[in-house]
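Position 50 (the sequence shown) corresponds to 282 in the numbering used here; numbering is contiguous.
First up is the structure itself, then whatever we jot down about it.
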Amino acid sequence: MAQQTLLKYLNMRQTFSHLLFDLDASQSKVEELIDSGYIFASPVRDAHGRRVIIGIGKRMDPSRFTNIDMAKAHCITYETLLDDEENQVMGFTHFADLEGLSPSCVTLWSPTEFTHCLRWGEQSMPMRHKQIHFLNLPAPLKYLYDFCRSRFSQKMRTRFLIHDSVDDLRKHVDKKCLPREYGGDMPMAQMIDLWKEEIASKQKMLMRLDEMKLVSDQGIVTRRTTTNSNTCTGISTVTGSFRRLEVD
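Next up, the structure:
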């Protein structure tokens, strides 16, 4: 299982290298997204010991940012958090306020790439997504929510929750983890500043991720390989491919 996760993760990074390589948080557009609070992690863990990843939809302006800017902001967040073993074990809670999110954000992506990123993100990124909360889902984006949710596994779908009010949100997400603007104690600006410091402390690690190379993807077991007669052969090649990974 661990070998498969690593193989799929490296394969995803190389396949979408234009989105996932060069995770430099000082790039102007990426830095602007992070400064704005488009995506950041609360410095306070919830009652389950999880970090809470917070997204503010209205901070994503599709007339100024690209899908590459968006993807890098997300990946910098995830990779920074995954460098902490406690986060790997405890998993993550997600909260996104979608008020003001423009439907035009969807047009930044090709349908094929958007779908692949959703599916591969769940299957290949070694993150334990325990709860996913949405607040203020705009009616024009309900179709997009339904589409995205359908791309995930049945287990993941049960972890999606839509809230109509902050009061309802706070019944499911610890108040102490939320910014003051959502009923918590710490102002959002302070949370963002602390998050930027955390990213800065991991910047060398983020840049060194590009040094990992996957020599062959033949050992990766997919749904297709598990349903054909060569399943055993496919699984037996995992160890060999795992040994051929070049990590400098």
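Quick reminder that beta carbons are idealized off the backbone N, C-alpha and C, glycines included.
Only a predicted model underlies this, so the values are computations on that prediction, with no experimental measurement involved.
{"Item": "Chain-order list of residues whose beta-carbon lies under 7 Å from that of residue 301 (same chain, five-residue window excluded)", "Value": "261, 262 and 265"}
{"Item": "For residue 345, the nearest candidate out of 299, 426 and 321 (CA to CA)", "Value": "299"}
{"Item": "Residue 389, enclosing alpha helix (DSSP H) - first and last residue", "Value": "386-389"}
{"Item": "Residue 324 vs residue 361 beta-carbon contact at 8 Å", "Value": "yes"}
{"Item": "Sheet register partners of residue 306 (DSSP bridge)", "Value": "Answer is none; residue 306 lacks a bridge partner."}
{"Item": "Complete beta strand (DSSP E) runs within the region 267-308 (minimum length 3 residues, chain order)", "Value": "271-273 and 283-288"}
{"Item": "Contained alpha helix (DSSP H) runs [length at least 4] in the region 373-426, N- to C-terminal order", "Value": "374-383, 386-389 and 398-402"}
{"Item": "Residues sharing a beta bridge with residue 361, DSSP", "Value": "324"}
{"Item": "Residue interval of the alpha helix (DSSP H) (run including residue 352)", "Value": "343-356"}
{"Item": "Inter-stretch contact (C-beta, 8 Å, three-pair minimum) for the region 331-351 and the region 286-299", "Value": "yes"}
{"Item": "Span of the alpha helix (DSSP H) around residue 236", "Value": "234-247"}
{"Item": "Bridge partner(s) assigned by DSSP for residue 366", "Value": "328 and 394"}
{"Item": "Rounded straight-line distance, which links the Cα of residue 248 to that of residue 443", "Value": "15 Å"}
{"Item": "C-alpha gap between residue 447 and residue 236, whole angstroms", "Value": "14 Å"}
{"Item": "Candidates 356, 286, 415 and 367: closest to residue 384 by CA position", "Value": "356"}
{"Item": "Close-in-space but distant-in-sequence residues of the same chain around residue 410 (CB under 6 Å, 5 per side omitted)", "Value": "416"}
{"Item": "Proximity winner among 303, 381 and 234, relative to residue 255 (alpha-carbon distances)", "Value": "303"}
{"Item": "Rounded separation between residue 187 and residue 278 - CA only", "Value": "This structure does not reach residue 187, given that the chain is present from 233 up to 480, and the question cannot be answered."}
{"Item": "Cβ of residue 372 within 8 Å of any chain D Cβ", "Value": "Given the protein chain composition of this structure (a single chain), no chain D is represented."}
{"Item": "Contact between the region 374-394 and the region 413-431 (3+ Cβ pairs under 8 Å)", "Value": "no"}
{"Item": "Cβ shell of residue 380 (< 8 Å), same chain only, five flanking positions each side left out", "Value": "350"}
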